[in-house]
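Please read the structure below before turning to the comments.
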Amino acid sequence: CASSDGLLLAGDNKGNKFVLNPVTREIRKVPISPFALSPRYSSIMYGLGYDSVGDDYKIVSLSYYDTDGGYEPVFVNVYSLKNGFWKKTRSYPYGHAVGHVTPGASVNGCIHWLASRATDHKSAIVAFDLAEEKVREVPPPSSIESDEFASNQLAVLGGCLCMFGKSVTDVWVMKEYGVKESWTTFTIDNCGTLDIRPLCMLGQEEIVVKDYDKLVVCNLKRGTRKDIVVPGIQHDFLPETSFVESPVSPYGSNKAWMTESFHCWGLD
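Below you can see the structure in the form of structure tokens.
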């Protein structure tokens with residue numbers, strides 16, 4: 001599951017993909033890519049984002065064969081909601097851990113994943129530019145540059161790219177996109193156990209996280225937590241994402257509703 005503005009990219013247990021707006025209740029089925037690898041022998045990761053140059057929402061899929069023997073080529077396919085077709089772009093020189101399938105994080109016109117370089121096996125934050133349809137790297141935090149972080153996760157908090165580990169409560173946030181020195185870190189105290197995922201910010205003091213099978217609101221300054229009760233929610237809901245309510249249609253862009261851009265939040 002991935003999101004961009006008010007649109008969600010979701011799938012069913014038959015492998016079908018849909019783009020929907022939960023507010024307007026519009027839904028659009030996405031055709032299967034003619035370039036897709038067989039899901040029986042491969043892993044596929046998806047991302048959804050907005051191309052401001054082409055005024056178009058695009059779906060990006062990364063697919064690679066499930067093998068543990070060296071680096072397999074990663075095939076990159078792009079679907080345009082405006083044009084209604086898939087196209088194949090160049091594969092890129094990065095590897096992804098087998099079984100570590102995560103949705104791409106959409107920030108600043110790019111969709112981001114964590115990967116390992118095929119050349120030196122070091123971890124990298126990979127950004128797929130939706131306008132140019134090319135791949136580049138985003139500098140990681142200096143404090144963890146030499147460590148292996150390809151198995152961490154990326155998300156979007158307050159319009160900013162963020163990174164976090166599965167078993168730690170430290171979260172890194174890139175306040176100014178593309179600027180290495182703008183990475184800051186904060187700790188989520190008394191908020192969960194060993195498997196939390198940040199979902200969104202509520203103002204500048206509170207953060208919503210998924211803690212195993214629960215949703216929790218954590219106050220970063222007070223160090224307190226509050227469970228959110230959602231009637232009817234399944235205990236094993238997965239994956240999870242957040243979205244911004246908007247009238248954007250899955251059949252066309254319509255960005256006129258966005259009168260101002262998102263700004264990253266800060267912690268005092």
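Reading the sequence shown from the start, the letters are residues 1 to 268 in full-length UniProt numbering.
Glycine included, every Cβ here is placed at the ideal spot set by N, Cα and C.
Computed from a predicted structure; not experimentally measured.
When DSSP labels each residue in this structure, what does I32 get in the three-state scheme? coil
Using a Cβ-Cβ cutoff of less than 8 Å, which residues in the same chain neighbour E206 once the five nearest sequence positions on both sides are dropped? If we look at E206 and ignore the five residues flanking it on each side, its Cβ neighbours are V217, C218, N219, L220.
Please list, in chain order, all residues of the same chain as I196 whose beta carbon is under 6 Å from its beta carbon, the five residues on each side excluded. V209, D211
Cβ atoms of A105 and D51: under 7 Å apart, would you say? Taking 7 Å as the Cβ cut-off, D51 and A105 do not qualify as a contacting pair.
At the 7 Å Cβ level, is F164 part of the contact set with chain C, yes or no? Considering every chain present, this structure includes no chain C. It has just one protein chain.
Go ahead and label S43 buried or exposed: buried means 16 or more other beta carbons lie within 10 angstroms of its beta carbon, across all protein chains shown. buried
Nearest candidate by alpha-carbon position, reference V229, set Q153, R25, K214, A127: K214
Among the residues of its own chain, which have a CB less than 6 Å from the CB of P93, if the five just before and after it don't count? A118
Range of the contiguous beta strand (DSSP E) that encloses G49: Taken as a continuous stretch (DSSP letters only), the beta strand (DSSP E) holding G49 covers 42 to 51.
Looking only at DSSP bridge pairs, what is K122 linked to? Beta-bridge pairing links K122 to no other residue.
Please name the residue in T169, S142, L199 whose C-alpha comes closest to that of E181. S142
What residue range is occupied by the uninterrupted beta strand (DSSP E) comprising H112? 110 to 117
Give the range of the beta strand (DSSP E) segment to which S3 is assigned. 2 to 4
Residue(s) in a DSSP beta bridge with I27: L20
Terminal residues of the continuous beta strand (DSSP E) containing Y65? 56 to 65
Alpha carbons only, please: which of R136, S116, E133, V107 is nearest the one belonging to A155? V107
Evaluate V101 with the Cβ neighbour count: other Cβ atoms within 10 Å of its Cβ, from every protein chain shown; 16 or more gives buried, anything less gives exposed. exposed
For a test of the three-state rule: what should DSSP assign to E176, helix, strand or coil? coil
Out of curiosity, what's the CA-to-CA distance linking V244 and N21? 10 Å
Going by the beta-carbon positions, is the gap between S61 and P73 smaller than 7 Å? The criterion of a C-beta distance shorter than 7 Å is not satisfied by S61 and P73.
Given this structure, state the Cα-to-Cα distance separating L199 from F35, to the nearest angstrom. Taking the straight line from one Cα to the other gives about 32 Å.
Given K134 as reference, the closest of V76, G165, R40, R222 once Cα atoms are compared: V76
Near P139, which residues of its chain fall below 6 Å by C-beta distance, leaving aside the five closest residues on each side in sequence? K180
With DSSP run on the structure shown, which of helix, strand or coil describes W257? Below a pLDDT of 50, predicted positions are generally treated as unreliable, and W257, at 41, falls in that range; the measurement from the model is reported next regardless. Coil, per DSSP.
Apart from the five residues on each side of it in sequence, which residues of its chain come closer than 6 Å, Cβ to Cβ, to A127? C110, H112, R136, V138
Spatially closest choice to G223 from S38, I188, M174, by CA coordinates: I188
Using the C-alpha atoms, what's the distance from I125 back to S116? Distance between the alpha carbons of S116 and I125 is about 9 Å.
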